[in-house]
Structures are given as C-alpha cells and as structure tokens.
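Just so it is clear: in the sequence shown, position 182 is 237 by this note's numbering, and no numbers are missing.
For each residue, glycine too, the CB sits at the ideal point set by N, CA and C.
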Amino acid sequence: MTEQENVIKVEDMTKVYQMGEIEVHALRGVSFSVRKGEVLAIMGPSGSGKSTLMNMLGCLDAPTSGDYYLEGELVSTLDDDQLALVRNHKIGFVFQTFNLLPRATALANVELPLRYAGIKENRRELAKSALESVGLGDRITHKPNELSGGQQQRVAIARALINEPAIILADEPTGNLDTKSGEEIMNLLLDLNKTKGTTLLLVTHDPDAAAVAERIIHIRDGRIEKEEVRV
Numbered sequence: 056m057t058e059q060e061n062v063i064k065v066e067d068m069t070k071v072y073q074m075g076e077i078e079v080h081a082l083r084g085v086s087f088s089v090r091k092g093e094v095l096a097i098m099g100p101s102g103s104g105k106s107t108l109m110n111m112l113g114c115l116d117a118p119t120s121g122d123y124y125l126e127g128e129l130v131s132t133l134d135d136d137q138l139a140l141v142r143n144h145k146i147g148f149v150f151q152t153f154n155l156l157p158r159a160t161a162l163a164n165v166e167l168p169l170r171y172a173g174i175k176e177n178r179r180e181l182a183k184s185a186l187e188s189v190g191l192g193d194r195i196t197h198k199p200n201e202l203s204g205g206q207q208q209r210v211a212i213a214r215a216l217i218n219e220p221a222i223i224l225a226d227e228p229t230g231n232l233d234t235k236s237g238e239e240i241m242n243l244l245l246d247l248n249k250t251k252g253t254t255l256l257l258v259t260h261d262p263d264a265a266a267v268a269e270r271i272i273h274i275r276d277g278r279i280e281k282e283e284v285r286v
C-alpha cells in the first residue's frame, strides 16, 4: 500500500478524558490506514473506544496525542474554519439515530449541508437528485414522522452524499432498523461505494453488518485487538 492510496492514516492516536480526578483512557495508541475506496468495519463492545475513534476520524474531536492524516493532510494543523470545511466537504456522516430535523421535509433535510456550504444555485435540484439516488424521489415533501425508519436512514444517507464526500462514516447505521430495512441500507451503502468509489467506514457491534467489509478492525479497551482481512 502506498501513501498515495491512503485516504486515512492514523499514527499512535490516544484520547484521554478527564472525569474529575479520574483519567479515562478511551484510545491507547491506535495506528492504522484506510485505502481510498475501501470498505472498513470497526468493531468492538460498548466502551471499547470505537465511537471515540469515529469522532476523531470525523474531525468532531481532537486526539490527546498522535497524528491523523486525512487525504495526506495533517488534521492537527487545521484551524476551526478549515475543520468545518473538512466536515462539510470531505466527510459524510450517517448515524444510528438519523439526526433529521423533525419539522423539515426530506428535501430540506438533505439541503442542509449545501446551505452550510453557502451553495445557492440548484440547491433544490441537487437535493432532489440525491433523494432519487436512494429511492426516495416520491417522498421529498414528507417529514421524518411520515417516513419509516428505513426511509429516514435513506434521507440521512442522501444528506451525507450531497457534497460528494470522499469518505462516509456510518456509526451503527442499521442499529435502529429491522432486519429487512437494515439489509437494504447496507446494500445501498455498498452500491454507493462501488458506483462512486466512496470510502466507507462502518462502526458497529453487529457481525452481520461488519461482514460486508473488506477488512475489520477489532477494538477493545482502546487498543486494536486484531485486524481481519476478508476476501
């Protein structure tokens, strides 16, 4: 693997939280790389550090020590405005709880990243196209409470894709869905990976969700316990 192929490179990352007089070591020297276009799963039990790692990779939090390179750029050198641009343009987030605005339509929810980016031209058309790409072209005026869980997650995926990010970070994307809806969402994410070449990182405790990945990193007690390469 060459440096040019790595969209993500993490070197000896640690994260320590201060809880009163107690130090909580959430990450203890984690190192790994992710190839462009790879499907990678990060697995671990509750409290293993996988969600903390997701926050670091999403530039939502900063490590206590260690280096994180995103598309060859050292993230720790970026200021707040630059980090906001990274989150809006390079990374798409998909969460277990969907994180949709309850009073906004599907179309308005998907438009949000474009609004944050200051894009005004063709915003409605771009959002509509994104919803059509996830099979919701006929639901653009529906609000979240008028959609099933699977449909809400599709809206969240359309929102994650609207700025054509290089990476999608999906944190337990099937956690609140029934089996059939969960399978449909995983197939949708994999199809986007194949057709658009988007790098896909799945954080999950579900072996069935992780089974779609080319590689699985197992985390326990803030350390990488093992890596599993799947053929």
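Item: Any 3 or more C-beta pairs closer than 8 Å across the stretch 191-200 and the stretch 223-242; Value: no
Item: Distance, I146 Cα to G75 Cα; Value: 33 Å
Item: Proximity to V141 [Cα-Cα], best of P168, S120 and T160; Value: P168
Item: For N154, the nearest candidate out of A139, R209 and E176 (CA to CA); Value: R209
Item: Classification of I274 by the beta-carbon crowding that lies within 10 angstroms, buried from 16 upward; Value: buried
Item: Boundaries of the alpha helix (DSSP H) in which K251 is found, first to last residue; Value: T234 to K251
Item: C-alpha gap between S86 and V65, whole angstroms; Value: 5 Å
Item: Assigned secondary structure, H260 (DSSP; H/G/I helix, E/B strand, else coil); Value: coil
Item: 8 Å Cβ cutoff met for A96 and L257; Value: yes
Item: DSSP-derived helix/strand/coil call for G75; Value: coil
Item: Unbroken beta strand (DSSP E) run spanning R278, endpoints; Value: R278 to V284
Item: Exposure of I77, with buried meaning 16 or more beta-carbon neighbours within 10 Å; Value: exposed
Item: Closer than 7 Å: H260 CB and nearest the ligand MN heavy atom; Value: The ligand MN is absent from the structure shown, which contains no ligands of any kind.
Item: Sufficient close CB pairs (3 or more, under 8 Å) joining the stretch 195-202 to the stretch 159-175; Value: yes
Item: Burial state of T254 (16 or more Cβ within 10 Å); Value: buried
Item: Outcome for K175 when other beta-carbon atoms lying within 10 angstroms are tallied against a minimum of 16; Value: exposed
Item: C-alpha distance - V89 paired with E239, whole-angstrom precision; Value: 25 Å
Item: I212, DSSP secondary structure in three states; Value: helix
Item: Check whether A213 and L186 have beta carbons under 8 Å apart; Value: yes
Item: Beta-carbon gap between L138 and L224 smaller than 8 Å; Value: no
Item: Residue range of the beta strand (DSSP E) that includes V149; Value: I146 to F150
Item: Residue environment, Q73, which counts as buried when at least 16 other CB atoms sit within 10 Å; Value: exposed
Item: Pairwise C-alpha distance: E93 and K281; Value: 18 Å
Item: DSSP three-state assignment for E269, whether helix, strand or coil; Value: coil
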